[in-house]
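Report on the following structure.
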Amino acid sequence: MKILIISFQCVERQLKEEKMEISQNWKPIKLKAIDDQDLQVFSQFLIESIVLPSEINFETKNQRFAMAIERFTWEHAKGESHLLMQVLSILVINYVEKVDLKNISDGFKIKNILSISHIDNNILIMLNDDEVITLKVKKCFCLLEDIGKPTYPSVIPVYSKND
Numbered sequence: 024m025k026i027l028i029i030s031f032q033c034v035e036r037q038l039k040e041e042k043m044e045i046s047q048n049w050k051p052i053k054l055k056a057i058d059d060q061d062l063q064v065f066s067q068f069l070i071e072s073i074v075l076p077s078e079i080n081f082e083t084k085n086q087r088f089a090m091a092i093e094r095f096t097w098e099h100a101k102g103e104s105h106l107l108m109q110v111l112s113i114l115v116i117n118y119v120e121k122v123d124l125k126n127i128s129d130g131f132k133i134k135n136i137l138s139i140s141h142i143d144n145n146i147l148i149m150l151n152d153d154e155v156i157t158l159k160v161k162k163c164f165c166l167l168e169d170i171g172k173p174t175y176p177s178v179i180p181v182y183s184k185n186d
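Going by our numbering, the sequence shown opens with residue 24, and the numbers climb by one from there.
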């Protein structure tokens with residue numbers, strides 16, 4: 024019977040090389056959504072993103088809703104959790120007439136985005152703990168842009184795609 028011995032240093036070096044490659048190849052995203060199909064793509068980028076209610080802003084006069092988000096770079100991790108990074112992003116939704124924050128209470132409690140969708144001139148941002156942000160919009164026009172440099176998160180979320 025053969026015993027396979029793997030050098031810890033060898034594995035550590037390989038992980039470091041993979042992480043450096045991801046870091047060097049990383050390009051920030053800048054996406055636009057004009058319908059629910061586009062927002063489904065946003066959902067894939069935003070799943071498990073971290074949001075603080077204090078980082079949510081609605082400009083009534085400009086009809087603009089914005090959120091600062093710490094999103095995870097699922098698109099670069101290739102299904103490998105050790106390659107996952109976190110980046111500061113901004114989500115902007117234009118033509119917003121009204122904002123309804125359902126069940127959102129503590130302004131300092133960390134929230135996670137579960138999904139974003141567009142139904143009957145409403146954009147729904149589903150958060151953990153049954154919290155929902157409903158935005159009444161004239162039309163769907165959303166932007167998602169990375170504005171920071173990626174870093175490795177201290178905690179890695181568990182997420183599996185439904186294939």
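Cβ coordinates follow ideal geometry from the N, Cα and C atoms, glycine included.
Computed from a predicted model, the values in this text were never measured in an experiment.
Asked                                                                                                                                             : Found
Determine whether the beta carbon atoms of Phe88 and Ile70 lie at a separation below 9 Å.                                                         : no
How big is the Cα-Cα spacing for Asp169 and Pro76?                                                                                                : 19 Å
Taking the alpha carbon of Asn144 as the reference point, which residue from Val64, Asp59, Asn48, Lys125 has its own alpha carbon closest?        : Asp59
Write down the C-beta distance between Ser140 and Leu150 rounded to the nearest angstrom, noting that I regard them as a contact closer than 8 Å. : 13 Å between Cβ atoms; not a contact.
If I'm right that Phe68 touches Glu98 with Cβ under 8 Å, what's the distance once you round it to whole angstroms?                                : 7 Å
Just to confirm before moving on: does the CB-CB distance between Lys172 and Val119 stay below 9 Å?                                               : no
I'd like the list of long-range same chain contacts for Lys121, defined as Cβ closer than 7 Å, with 5 residues on each side in sequence excluded. : Lys159
Quick one: what's got a C-beta closer than 7 Å to Leu167's C-beta in the same chain, skipping five residues either side?                          : Ile52, Leu54, Phe65, Phe68, Ser112, Leu114
Out of Lys162, Asp152, Asn135, Asp153, which has the shortest C-alpha to C-alpha gap to Ile142?                                                   : Lys162
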